Amino acid sequence: MIEIQNVHKSFGQLEVLKGIDLTVSKGEVVTVIGGSGSGKSTLLTCINGLEPINSGKILVDGVEVHAKSTNVNALRQKIGIVFQQWNAFPHLTVIENVILAPRKVLGMGKAEAEAIAEKQLRHVGLGDKLTTYPSRLSGGQQQRMAIARALAMSPDYMLFDEVTSALDPQLVGEVLETLKMLAEEGMTMICVTHEMGFARDVSNRVAYFHKGIMAEIGAPAQLFGDPQHPETRSFLASVR
Amino acid sequence: MIEIQNVHKSFGQLEVLKGIDLTVSKGEVVTVIGGSGSGKSTLLTCINGLEPINSGKILVDGVEVHAKSTNVNALRQKIGIVFQQWNAFPHLTVIENVILAPRKVLGMGKAEAEAIAEKQLRHVGLGDKLTTYPSRLSGGQQQRMAIARALAMSPDYMLFDEVTSALDPQLVGEVLETLKMLAEEGMTMICVTHEMGFARDVSNRVAYFHKGIMAEIGAPAQLFGDPQHPETRSFLASVR
Amino acid sequence: MFDYTFQWNQALARLPRMLDGAVVTLEVAVLSMLIGIVFAMILTLMRLSDSRPLKAIAATWIEIARNTPALLQIYMAHFGVASFGIHFSPFTSLLIGITFNNAGYLAENFRGALKAIPDTQARAGRSLGMSSLQSFRYIIVPQMLRISFLPMTNQMVWAVLMTSLGVTVGMNTDLYGVTQDLNALTFRTFELFAIAAVIFYIITKIITLGARLIASRLFRY
Amino acid sequence: MFETSLTAADFLFLAKGAGMTIIVTAISVVIGTILGILFGVIRVQLGAILSAPLTFFLDIFRSVPLLIQLVLANAFLGMVLKLQLSGFFVACMVLSLYTSAYCAEIVRGGIDAVPATTRRAARSLGMTWVQDMRHIVMPLATRVALPSWIGLALGVMKDSALVYVVQVTELLKSTQILITRLQEPLFLLLICGAFYFIISFPLARFGGYLEKRWSND
Amino acid sequence: IAGAAHADKLDDIIGSGKLRCAVVLDFPPMGMRDDKNEPIGFDVDYCNDLAAALGVTAEIVETPFPERIPALMSGRVDVGVASTSDTLERAKTVGFTVPYFAFEMAVTANNETGIASYEDMKGHTVGAVAGTYEAIALEAQVNEWGDGTFRPYQTQADVFLALSQGQLDATVSTSTVAQATVNSGNFDGISVVGKAPFDTDYVALFTNRNEYGLLNYLDLFVNQQVRTGRYAELYEKWVGGDLPSLVVPDVYR
Ligand SMILES: Nc1ncnc2c1ncn2[C@@H]1O[C@H](COP(=O)(O)OP(=O)(O)OP(=O)(O)O)[C@@H](O)[C@H]1O
Ligand SMILES: Nc1ncnc2c1ncn2[C@@H]1O[C@H](COP(=O)(O)OP(=O)(O)OP(=O)(O)O)[C@@H](O)[C@H]1O
Ligand SMILES: [Mg+2]
Ligand SMILES: [Mg+2]
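Chains as they are written, first to last, in my numbering: chain A, 3 to 242; chain B, 3 to 242; chain C, 89 to 309; chain D, 3 to 219; chain E, 6 to 258.
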């Protein structure tokens with residue numbers, strides 16, 4: 003369970019998150035939508051402790067992420083994250099990308115790590131690209147590799163930050179398919195996305211962010227069909 | 003009048019133009035369409051002598067472009083050319099870009115050159131950008147500046163090589179407008195383009211290039227309405 | 089006008105000794121590079137650290153190394169520090185001088201290389217649960233070394249050329265030192281130094297070609 | 003901290019050495035840059051194969067220790083060709099060629115950085131090769147090359163410390179002469195180092211600043 | 006000028022009105038600098054005498070030991086007045102006169118090492134000026150002992166600097182230089198501890214090998230310096246003590 007409790011976060015003078023409350027239960031898929039700069043990415047990086055927060059609390063399985071005593075590296079093993087920019091490690095082959103963290107962080111043996119990596123890569127449809135370098139992959143393939151890389155750590159939670167928005171339109175589908183598959187397998191996920199169709203089809207709840215505030219949250223049918231907040235309404239109108 | 007007579011041109015082993023014949027009369031607008039690599043750009047760079055040819059002849063107003071005795075620099079003053087890639091001189095302001103050639107090539111005085119440059123820039127709608135650097139211009143503005151720069155040499159002919167294909171869709175219109183205006187003013191033009199609408203509306207004749215051969219040429223209505231060559235048909239089908 | 093008589097056999101008879109000198113030259117250059125890379129890494133980390141004194145020390149080292157003559161640095165490593173009662177042999181002094189110089193230039197290269205690596209790379213590593221040291225070691229450093237491989241090759245060439253400055257601190261076993269000794273014996277200045285020049289040229293060519301080979305094998309991405 | 007027997011005359015002596023360093027550097031950098039531009043343009047113009055002999059010749063200056071270049075040039079010009087040349091002349095000549103070898107690389111890089119399409123645009127406006135070079139290529143290449151060129155000029159200044167082997171008394175040699183008499187190696191070496199640093203550091207910083215500024219637009 | 010090219014060097018010097026001497030200026034008392042950094046010393050005076058005899062003005066060109074011959078060969082100097090040992094190996098390249106000075110070799114040691122004689126140097130770090138007679142001999146000696154290290158430095162000053170800093174334990178140099186240096190008081194903690202059993206180091210003026218006219222003149226000049234007492238006078242002025250004989254026993258020259 004991920005519990006976000008009244009989280010405030012500023013970059014210098016700029017308050018980016020102005021008191022966010024959100025609880026994501028096991029097996030739930032929450033989609034986050036909202037305008038540029040509304041703080042969506044920031045929230046995700048706070049959840050896995052890549053950014054400090056100013057006040058409030060974030061608990062992952064009851065462990066407070068930003069507590070001094072918390073071992074964030076261990077915590078992050080539970081939380082996979084995939085970013086908008088493809089973050090393939092360019093100097094490693096696809097399979098080396100995937101086994102690096104299991105080997106160095108979990109201390110897995112080479113054979114074991116490779117077995118897991120192969121399984122995950124086949125899972126996302128990259129079974130035939132194991133020894134390719136990322137520069138030879140399309141953007142969509144790179145994103146799927148990044149997903150496999152995160153999955154290889156056997157995370158309990160996955161965070162996705164606009165994983166399709168830097169892709170050519172024809173590549174978006176393959177990545178969304180992968181996400182859908184994960185959701186169906188019962189992975190707990192928070193997805194920041196601009197793909198409204200995806201949000202509607204896959205998520206249990208959709209949250210709308212506006213200027214650092216979670217303006218509205220609800221089941222997709224409710225939020226898309228009958229948005230309460232005027233900002234939500236105008237945002238939805240603009241993206242359609 | 004531009005007369006192209008059985009021109010052959012190779013890059014190393016690769017024969018790019020395989021015997022092209024084309025005569026463009028004063029005041030005529032000829033559009034060239036065709037697949038990638040079919041030799042369209044190469045033909046334009048041969049016309050103003052930027053590339054040598056292997057056999058055949060190109061005559062501009064009766065002067066043979068590739069004859070040893072021809073002063074190509076003088077000849078090029080008659081022929082303006084604008085390329086697909088924006089070729090602004092980045093270290094010069096817009097007006098400096100435009101007056102450079104008139105001053106250095108035609109030996110014009112500063113005041114005179116500036117007067118002409120201003121006129122041409124206003125003509126293409128950049129009257130308010132005179133002292134801006136090209137890096138501050140949008141792609142469309144850069145292309146229009148390139149057109150003004152060519153026009154400032156008072157050319158008799160203008161060659162355009164896919165001047166809109168590197169532009170964002172919303173910027174294409176403004177450049178095509180400029181071309182249309184030039185055509186209406188009676189400029190003799192050869193335009194390589196992928197904009198079929200433009201080709202249909204503006205040109206007197208449309209030529210279809212296929213693998214170094216001018217497969218078909220005719221009035222737009224004829225070529226678009228009733229293409230003779232099977233390749234033309236499949237090309238037109240693919241771009242629509 | 090051309091009445092100088094070349095006595096190549098006189099000089100060529102000494103070729104074996106000069107080749108021994110070339111080995112020492114290479115030894116100094118390689119050692120100074122290896123140690124220099126380690127120090128450059130440390131300097132780079134110091135620069136990235138939040139500690140002001142560490143930053144200042146790193147910056148001072150780098151700027152002095154880059155803004156004073158290598159000859160002065162080597163001379164300083166021998167005669168300068170001896171004023172504090174610290175004595176280094178000519179070999180060590182030369183090694184220290186060149187290493188100091190290498191580390192300064194390399195650290196500057198590394199900094200440029202780091203700038204070229206998007207910081208999302210480190211983030212990606214961290215978010216997989218790697219410690220900051222792990223993500224530096226496994227993700228940043230390999231990419232950094234690739235980007236600065238060419239500058240490193242150039243620095244290696246300079247290190248070889250810099251060994252010629254060892255004579256000023258009493259070094260006489262390296263290629264230049266040997267050549268100078270032989271010159272004192274025979275005074276066949278032109279012939280001896282011409283041969284030394286050829287050997288130096290060959291060494292640097294081997295380094296650049298070797299580096300290209302290594303790069304093509306190492307960096308396949 | 004320092005008790006020194008350095009006199010005003012000694013400082014003057016050092017200043018003379020520093021002056022020599024600056025003069026040798028200035029002459030070499032000016033001549034070397036002119037030659038370097040020439041060589042660089044020739045290399046670009048002729049292409050890799052035709053300019054191979056020139057490339058090889060210039061490569062020698064970057065592959066042989068400067069000390070040996072100086073000794074060899076001195077021995078060759080004097081002993082073999084029997085030319086009566088001053089050490090100053092030999093120093094400037096060798097350093098100029100040395101500079102030109104590096105400068106040619108910088109110039110080549112700068113010219114290569116000018117997009118071919120930009121040059122085509124210039125030529126298609128009727129500009130001659132020379133006009134294209136003068137008004138388009140050189141201004142653009144300069145932006146790419148200037149930071150490296152500043153680095154080169156400073157490098158030559160530091161390397162000019164080696165011209166003592168052809169009997170030119172520049173700054174470091176002057177320092178050594180004073181060390182001989184005064185026996186204050188550390189203090190004198192620090193003064194000498196400070197001089198190089200004071201000239202080199204701000205200029206190097208300026209080069210870095212230019213690089214940053216120009217790479218942004 | 007065309008005529009001058011065919012004239013011999015002696016004519017050239019007289020014609021140009023200038024005599025350029027290679028002198029080593031960190032080799033007291035033969036060559037050094039006064040506190041205005043002007044060249045002085047035995048060799049400097051010797052060059053001035055030679056110039057006076059030729060009726061021209063002298064120009065002192067400072068040359069480190071390793072650069073003496075290159076300076077001559079490259080035409081930068083006319084004559085070497087630079088305490089140069091007349092070895093056969095070198096005579097293949099340059100022409101030597103009869104000896105104009107003779108050195109005894111002395112051992113100078115850092116006081117803290119306890120070295121008190123030539124033999125005591127065995128096993129220590131010793132050094133001398135690269136390219137000199139004593140350096141070549143000492144390096145051979147160290148190799149023969151098979152123990153200890155030999156280090157050549159570029160200049161005599163660097164040698165004594167290293168010695169006083171304790172980087173060298175002892176050095177062999179000409180006794181005149183050793184004495185002059187120790188007496189100068191510039192260097193702390195070093196003393197001359199004894200003679201080195203090397204052959205007397207005869208040093209000669211040198212010029213180009215094929216300039217017989219000039220070589221003849223120089224031979225006679227050296228001879229005249231002794232005959233007129235100027236040699237003794239200069240020796241007294243710069244060195245002092247017993248005047249070394251320039252005659253090699255049992256041979257003609
Ligand atoms: N490291 C940082 N330092 C300073 N400001 C930052 C930093 N990261 C983000 N910001 C600012 O915080 C605000 C929120 O950024 P964030 O990336 O969370 O928005 P977002 O909702 O993800 O937008 P988008 O849809 O464009 O990705 C923006 O104004 C951004 O400029
Ligand atoms: N400078 C060159 N050297 C070698 N080959 C070239 C050169 N310029 C063009 N080519 C080749 O000549 C062929 C024709 O090129 P050209 O640019 O004329 O085609 P195009 O019809 O303009 O295509 P596009 O629509 O892609 O611009 C291509 O195969 C191209 O690769
Ligand atoms: Mg974002
Ligand atoms: Mg084209």
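Note that beta-carbon positions come from the ideal geometry of N, C-alpha and C, so glycine has one too. In this text, all values refer to a predicted model and were calculated from it rather than measured experimentally.
Does at least one heavy atom of ligand 4 sit under 7 Å from the Cβ of K42/B?
-> Reading the second sequence from its first residue, position 40 is the one you call residue 42/B. Checking every heavy atom of ligand 4 against the Cβ of K42/B, one is found closer than 7 Å.
How big is the Cα-Cα spacing for L169/A and G141/A?
-> Along the first sequence, read from residue 1 onward, the residue named residue 169/A stands at position 167. Along the first sequence, read from residue 1 onward, the residue named residue 141/A stands at position 139. Spanning the two alpha carbons is a distance of roughly 6 Å.
Note down, in chain order, all residues in the stretch 151-167 of chain C with a beta-carbon under 9 Å from any beta-carbon belonging to chain D.
-> E151, I152, R154, N155, T156, P157, A158, L159, L160, Q161, Y163, M164 and F167
Under 8 Å (Cβ pairs) to chain B, residues found in the stretch 116-130 of chain D | Per Cβ criterion, the list reads P117, T119, T120, R122, A123, A124, R125, S126, L127, G128, M129 and T130.
Excluding sequence positions up to five away, which residues of its chain have a Cβ less than 8 Å from the Cβ of N8/A?
-> For the purposes of this step, residue 8/A is identified with residue 6 of the first sequence, where counting begins at 1. Exclusion of the five residues before and after N8/A leaves G21, I22, D23, S57, G58 and K59 as the residues of its chain whose Cβ lies within less than 8 Å of its Cβ.
Can you tell me the Cβ-Cβ gap for V66/D and S162/D, rounded? I've got them flagged as a contact below 8 Å.
-> The sequence position of residue 66/D within the fourth sequence is 64, counting from 1. The sequence position of residue 162/D within the fourth sequence is 160, counting from 1. With 8 Å as the limit, V66/D and S162/D do not qualify as a contact, their Cβ atoms being about 17 Å apart.
Where M3/D sits in the DSSP three-state scheme | Position 1 of the fourth sequence holds residue 3/D. Unreliable positioning characterises M3/D in this predicted model, as indicated by a pLDDT of 42, which lies under 50. A coordinate reading is not provided.
Applying the criterion that 16 or more other CB atoms from any shown protein chain within 10 Å of the CB defines a buried residue, is L126/D buried or exposed?
-> The residue labelled residue 126/D in the question sits at position 124 within the fourth sequence. According to the sequence shown, residue 126/D is Ser rather than Leu. Classification for S126/D: buried.
Is V266/C close to chain E, meaning its C-beta is less than 8 Å from at least one C-beta of that chain?
-> Along the third sequence, read from residue 1 onward, the residue named residue 266/C stands at position 178. It does not: the Cβ of V266/C has no partner Cβ on chain E nearer than 8 Å.
What is the rounded straight-line gap between the Cα of H196/A and the Cα of W88/A?
-> Here residue 196/A refers to the residue found at position 194 of the first sequence. Here residue 88/A refers to the residue found at position 86 of the first sequence. One C-alpha to the other measures close to 17 Å.
Which two residues bound the contiguous beta strand (DSSP E) that contains M216/A?
-> Residue 216/A sits at position 214 when you count from the first residue of the first sequence. Its beta strand (DSSP E) spans residues I215 to G220.
Cβ neighbour criterion (16 or more within 10 Å) applied to S137/A = To locate residue 137/A, count along the first sequence from 1; it is residue 135. It counts as exposed.
Under 9 Å by beta carbon: chain E residues contacting V255/C | Position 167 of the third sequence holds residue 255/C. Under the 9 Å cutoff, chain E gives P71, A135, P157, Y158 and Q159.
A10/E by DSSP, collapsed to three states: which one?
-> Along the fifth sequence, one-based indexing puts residue 10/E at 5. Note on A10/E: pLDDT 49, under 50, position unreliable in the model; no value is reported.
Report the residues of the stretch 230-241 of chain C with a CB closer than 8 Å to any CB of chain A, ordered along the chain.
-> P230, Q231 and R234
How close, in whole Å, do the beta carbons of A259/E and T137/E come, if the pair is a contact with beta carbons under 8 Å?
-> Residue 259/E is absent from the model: chain E starts at 6 and stops at 258.
Which first and last residues belong to the beta strand (DSSP E) in which L161/A is found?
-> Locating residue 161/A in the first sequence gives position 159, counting from the first residue. Run containing L161/A: Y159 to D163, per the beta strand (DSSP E) assignment.
For chain C, is any of its Cβ atoms less than 8 Å away from the one on P149/D?
-> On the fourth sequence, position 147 is the one that residue 149/D refers to. P149/D does not count as touching chain C.
Distance, Cα to Cα, L263/C vs R234/C?
-> On the third sequence, position 175 is the one that residue 263/C refers to. On the third sequence, position 146 is the one that residue 234/C refers to. In a straight line, the C-alpha of L263/C is about 31 Å away from that of R234/C.
Express the C-alpha separation of A57/E and R81/E in angstroms, rounding to a whole number.
-> As a first step, residue 81/E is located in the fifth sequence; it is residue number 76 there, counting from the start. As a first step, residue 57/E is located in the fifth sequence; it is residue number 52 there, counting from the start. Going by the C-alpha atoms only, they are around 20 Å apart.
Assuming D194/E contacts Y123/E (C-beta within less than 8 Å), just tell me the rounded distance between them.
-> What you label residue 194/E is simply residue 189 of the fifth sequence in a count that begins at 1. What you label residue 123/E is simply residue 118 of the fifth sequence in a count that begins at 1. Here residue 194/E is Gly; the residue named in the question, Asp, does not match the sequence. Their Cβ separation, rounded to whole angstroms, is 20 Å, which puts G194/E and Y123/E out of contact at 8 Å.
Cβ of P92/A less than 8 Å from any chain C Cβ?
-> The residue labelled residue 92/A in the question sits at position 90 within the first sequence. Chain C contact via Cβ: present.
Give a yes or no on whether the minimum CB-CB distance between I113/D and chain B is below 8 Å.
-> Within the fourth sequence, numbered from 1, the residue matching residue 113/D stands at position 111. For I113/D, the answer is no, since every Cβ of chain B falls outside 8 Å of its Cβ.
DSSP three-state assignment for N260/C, whether helix, strand or coil | The residue labelled residue 260/C in the question sits at position 172 within the third sequence. Coil.
Beta-carbon separation (whole angstroms), V84/B vs A152/B, contact threshold 8 Å = As a first step, residue 84/B is located in the second sequence; it is residue number 82 there, counting from the start. As a first step, residue 152/B is located in the second sequence; it is residue number 150 there, counting from the start. At roughly 6 Å, the Cβ-Cβ gap stays under 8 Å, so V84/B and A152/B are in contact.
Cβ-Cβ distance between F63/D and Y100/D below 8 Å | In the fourth sequence, counting from the first residue as 1, residue 63/D sits at position 61. In the fourth sequence, counting from the first residue as 1, residue 100/D sits at position 98. Yes, these two residues count as a Cβ contact at 8 Å.
For the stretch 123-192 of chain C, list the alpha helix (DSSP H) runs that are entirely contained and at least 4 residues long, ordered along the chain.
-> 140-155 and 158-163
Chain C contacts from the stretch 165-177 of chain A (Cβ-Cβ distance under 9 Å) | Nothing from the stretch 165-177 of chain A brings a Cβ to less than 9 Å from some Cβ of chain C.
Assign V112/C to buried or exposed, taking buried as 16 or more other Cβ atoms, counted over all protein chains shown, within 10 Å of its Cβ.
-> Start at 1 with the first residue of the third sequence, and residue 112/C comes out as number 24. It counts as buried.
Comparing the C-beta of L114/C with each C-beta of chain D, is any distance below 8 Å?
-> What you label residue 114/C is simply residue 26 of the third sequence in a count that begins at 1. Taking Cβ atoms only, chain D never reaches closer than 8 Å to L114/C, which makes this a no.
DSSP on I55/A, reduced to helix/strand/coil?
-> Translated into the one-based positions of the first sequence, residue 55/A becomes position 53. The answer is coil: DSSP assigns I55/A none of H, G, I, E or B.
Please go through the same chain and pick out, in chain order, the residues whose beta-carbon is closer than 6 Å to the beta-carbon of Y210/B, but skip the five residues on each side of it.
-> Along the second sequence, read from residue 1 onward, the residue named residue 210/B stands at position 208. Excluding residues within five positions, the ones whose Cβ falls inside 6 Å are I35, G36, A217, E218 and T234.
Check the Cβ-Cβ distances between L219/E and every residue of chain C, and say whether any is below 8 Å.
-> On the fifth sequence, position 214 is the one that residue 219/E refers to. No, because no Cβ of chain C sits closer than 8 Å to the Cβ of L219/E.
Mind checking whether S98/D and L37/D have CB atoms under 8 Å apart?
-> Here residue 98/D refers to the residue found at position 96 of the fourth sequence. Here residue 37/D refers to the residue found at position 35 of the fourth sequence. A contact, by the Cβ cut-off of 8 Å.
Cβ-heavy atom distance between E164/B and ligand 2 below 7 Å?
-> One-based indexing of the second sequence puts residue 164/B at position 162. It does: the Cβ of E164/B is within 7 Å (strictly closer) of some heavy atom of ligand 2.
Just the C-alpha distance for A117/B and S137/C, rounded to the nearest angstrom, thanks.
-> As a first step, residue 117/B is located in the second sequence; it is residue number 115 there, counting from the start. As a first step, residue 137/C is located in the third sequence; it is residue number 49 there, counting from the start. If you take the alpha carbons of A117/B and S137/C, they lie about 58 Å apart.
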